[in-house]
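Under our numbering, the first residue of the sequence shown is numbered 14, with each subsequent residue one higher.
Notes to accompany the following structure.
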Amino acid sequence: MIRTSRRMADGREILYYEVDGSAVSHDTPDTRDLPAVGTHSQLRWDALLGEWVVYAAHRQSRTFLPPADECPLCPTRPGRPPTEVPEADYQVVVFENRFPSLATAVDPDVPPTAPGAPYAEQRPGFGRCEVVVFTSDHDRAPAELGAERLRLLVDVWADRTATLAAIEGVEYVYPFENHGEEIGVTLGHPHGQVYAYPFLPSRVERVLASVERHREQTGGDLFADVVAAERGGPRVVAANEHWTAFVPAAARWPYELQLFPHRRVPDLPALTGEERTALAELFGDSLGRFAHRFDEPMNYIAAWNQAPVHRGREDWWLHLQLFSLRRAPGKLKYLAGSESGMGAFISDTSPEDVAEQLRNVVVP
Ligand SMILES: [Zn+2]
């Protein structure tokens with residue numbers, strides 16, 4: 014993999030990633046007159062739930078579903094206004110979000126607590142939010158990227174994880190993708206994001222607590238027990254030598270897969286080359302099943318669950334959550350009273366049925 018770092022007109026970093034052996038030249042400057050965006054994000058502590066909430070009011074003015082000929086993620090081509098990417102072509106590009114929820118250059122001047130709430134601690138929204146553009150082709154869905162590009166993406170995610178984890182103050186690195194307009198994607202061009210949080214997200218805290226509780230109660234290793242049971246169970250959808258994709262026993266989304274490597278690794282940088290190739294293959298297979306389950310592709314969220322940067326690394330087992338809010342053609346699962354109000358998911362599908370449906374999808 015070849016990585017080239019450049020600066021955009023407003024000082025943000027842009028990185029070009031290519032497979033080894035590619036002809037690389039990235040000397041086209043960003044000629045836009047682009048003022049730097051000040052970031053005033055704040056974290057505020059929800060004392061009742063024991064978790065952080067991020068406030069990023071400056072994001073209200075961000076680009077929302079621009080027409081395809083004004084896509085900011087497309088390459089810059091003659092006769093059209095310059096985009097975020099100065100070059101006329103690229104393989105994978107990563108750059109800092111122009112309207113980040115978290116930034117290393119965040120305004121540090123934050124009152125210690127929320128007005129009138131001494132228990133609601135406040136902190137600057139320190140961190141980093143990156144955009145990962147999967148291809149220069151505006152119309153190619155991630156399910157159609159092909160094995161080589163997906164493999165490059167795995168290497169890019171691993172590189173971003175290692176790089177962002179090395180920033181002092183970053184506690185968790187989270188690569189993810191929102192796919193499909195109906196779940197709030199504001200740009201149609203195939204892309205994902207990487208968030209570097211200055212805290213452990215509550216899902217990670219809860220999983221670590223479950224691992225600890227399981228060890229106290231049984232002496233066992235929860236991740237190892239789950240992976241071993243699921244690999245031999247009725248909800249496996251697809252597998253190869255190094256990875257298995259299964260519908261989790263207590264799936265909460267209408268369509269949900271988890272991809273686990275067969276060996277405990279904390280995060281993407283810890284995967285071997287062979288494991289990365291096998292992951293790209295199974296990830297592509299899983300995206301294909303989601304794309305072809307119904308007549309039109311399903312929306313989905315792909316969420317990488319990696320070990321924290323510092324705490325609990327030896328307990329963690331890297332995995333991907335891939336889930337869709339689509340219940341049926343034209344029908345979405347809404348997070349209504351029980352889910353949104355109480356966090357209690359009610360599912361009207363059965364995980365074993367869903368596994369069988371996804372096993373039977375024929376990907377052309
Ligand atoms: Zn585009």
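We treat Cβ as the ideally placed atom computed from N, Cα and C, and that holds for glycine.
- For V250 and V123, the gap between their C-alpha atoms comes out near 48 Å.
- Within the same chain, P155 and A156 come within 7 Å of L300 by CB-CB distance, once the 5 residues on both sides are set aside.
- Assigned with DSSP and collapsed to three states, F139 falls in coil, not helix or strand.
- According to the DSSP assignment, L221 belongs to the alpha helix (DSSP H) that extends over S215 to T231.
- The segment 158 to 178 makes no contact with the segment 306 to 316: fewer than 3 CB pairs, one atom from each, lie closer than 8 Å.
- Assigned with DSSP and collapsed to three states, G286 falls in helix.
- In the three-state DSSP reduction, S54 falls in the coil class, being neither helix nor strand.
- Burial is judged here by how many other beta carbons sit within 10 angstroms of a residue's own beta carbon; F108 has at least 16 and is buried.
- Exclusion of the five residues before and after Y103 leaves Y29, P88 and S149 as the residues of its chain whose Cβ lies within less than 7 Å of its Cβ.
- With contacts defined by Cβ atoms closer than 8 Å, L86 and L163 do not form a contacting pair.
- Distance from the CA atom of D46 to the CA atom of L115, rounded to whole angstroms, is 24 Å.
- Shortest gap from the CB of L86 to any heavy atom of ligand 1: under 7 Å.
- Cβ-Cβ separation between R244 and E365: approximately 16 Å, too far for a contact (criterion under 8 Å).
- Between P267 and S337, the C-beta gap is smaller than 8 Å, which places the two residues in contact.
- Close CB contacts of R326 within its chain, under the 6 Å cut and outside five residues either way in sequence, are with P279 and A320 (chain order).
- Nearest Cα to F296 within the set N253, V322 and G286: N253.
- Your pair H202 and V146 checks out as a contact, with CB atoms roughly 7 Å apart and the cut at 8 Å.
- In the DSSP assignment, E190 falls outside any alpha helix (DSSP H) and lies within the beta strand (DSSP E) extending over Y185 to H192.
- Nearest to L177 by alpha-carbon distance, out of V322, S38, S223 and L270, is V322.
- Its chain contains E134 and Q135 as the residues whose beta carbon lies nearer than 8 Å to that of P125, once the 5 sequence neighbours on both sides are disregarded; these appear in chain order.
- With contacts defined by Cβ atoms closer than 8 Å, G159 and V67 do not form a contacting pair.
- Secondary structure of V106 (DSSP, three-state): strand.
- Apart from sequence neighbours up to five positions away, the residues of its chain that approach A293 with a beta-carbon distance below 7 Å are A160, L163, R164 and V167, ordered along the chain.
- Between ligand 1 and H151, a heavy atom-to-CB distance of less than 7 Å is present.
- Secondary structure at H151: coil, using DSSP grouped into helix, strand and coil.
- Counting of Cβ neighbours within 10 angstroms places D298 among the buried residues, the total reaching 16 or more.
- Measuring C-alpha to C-alpha distances from S215 to each of T44, L62, A341 and T290 identifies L62 as the nearest.
- Under the three-state reduction of DSSP output, A262 falls in the coil class, being neither helix nor strand.
- Shortest gap from the CB of H202 to any heavy atom of ligand 1: under 7 Å.
- A130 carries a strand assignment under DSSP once its states are collapsed to helix, strand and coil.
- Between R228 and Q370, the alpha-carbon positions lie close to 35 Å from each other.
- Around A368, the same chain offers R248, V250 and V260 as residues with beta carbons nearer than 6 Å, after the five sequence neighbours per side are excluded.
- Beyond the five residues adjoining it in sequence on each side, H305 comes within less than 6 Å, by CB distance, of V374 and V376 in the same chain, given in chain order.
- A distance of 8 Å or more separates the beta carbons of N318 and L335.
- Judged by DSSP secondary structure, W170 falls within the alpha helix (DSSP H) whose first and last residues are A160 to A178.
- Here the alpha carbons of S18 and N110 stand approximately 15 Å from one another.
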